[in-house]
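Residue numbers (full-length UniProt numbering): 1 to 215.
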């Protein structure tokens, strides 16, 4: 992050979010009123000012009567909750290959999450998956690993992907990576050995935590 001349009353913090997809969009959008934010996807060559960012997901959701979310981890659950609250008339379905949502947290919290989503009329299909290589929004029909057919106007892929940090091996931060390819950071999310470089998200070596609000 950087800041313009502090003497300029109109200056705002500059924030660059590296990482596309739903998770990157959610993080960037959450800061849009606090800073000048740019979202960069190093793989899709995407670089957008937040003035355009809401169009990426919101228009897609608004124009759909039904939404399929593939993955019941933190991103998938958060997205499903946002849609269910903001657009209660839309049909939302989560397909998750695990036996429960949010498997990294305790069973009680996982069950509470499941119950809250179902009260919002979100359909949750556990122990099933969708072939990501075969999906297409052209026909609007998706087939799960059990053969179940799901009709949806659009879909979002919220499953874990390989850690995209290999490019850092050829950068000035190569000595800041641990054996798993994650950036080592301190309690302030500052990259180890660097005073002005910060990192956030699953690229870092800090444990994942999630705040759930069931109000």
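Note that the Cβ used here is the ideal one computed from N, Cα and C, for glycine as well.
Treat the numbers as computed from the prediction; the structure is a model and nothing was measured.
Look at the Cβ atom of residue i, then the Cβ atom of residue j, and state whether they are nearer than 8 Å.
i, j, result
"residue 93", "residue 68", "yes"
"residue 183", "residue 204", "yes"
"residue 129", "residue 144", "yes"
"residue 168", "residue 191", "no"
"residue 133", "residue 64", "no"
Quick check on residue i: buried or exposed, where buried means 16 or more other Cβ atoms within 10 Å of its Cβ?
i, result
"residue 188", "exposed"
"residue 85", "exposed"
"residue 107", "exposed"
"residue 13", "exposed"
"residue 74", "buried"
"residue 171", "exposed"
"residue 76", "buried"
"residue 193", "exposed"
"residue 72", "buried"
"residue 141", "exposed"
"residue 138", "exposed"
"residue 110", "buried"
"residue 196", "exposed"
Identify every residue that forms a DSSP beta bridge with residue i.
i, result
"residue 190", "198"
"residue 66", "91"
"residue 78", "DSSP output for residue 78 lists no bridge partner at all."
Do you know offhand how far residue i's Cα is from residue j's?
i, j, result
"residue 151", "residue 70", "13 Å"
"residue 27", "residue 17", "8 Å"
"residue 55", "residue 34", "Summary for residue 55: the model assigns pLDDT 48, below 50, so the residue's position carries little reliability; its value from the coordinates is reported in the next sentence. Approximately 19 Å, taken between the alpha carbons."
"residue 98", "residue 202", "20 Å"
"residue 115", "residue 79", "16 Å"
"residue 127", "residue 146", "9 Å"
"residue 159", "residue 32", "25 Å"
"residue 36", "residue 149", "42 Å"
"residue 200", "residue 122", "29 Å"
"residue 113", "residue 105", "11 Å"
Give the C-beta separation of residue i and residue j to the nearest angstrom, bearing in mind that I take them to be a contact with Cβ-Cβ under 8 Å.
i, j, result
"residue 125", "residue 157", "No, residue 125 and residue 157 are not in contact; Cβ-Cβ is about 15 Å, not under 8 Å."
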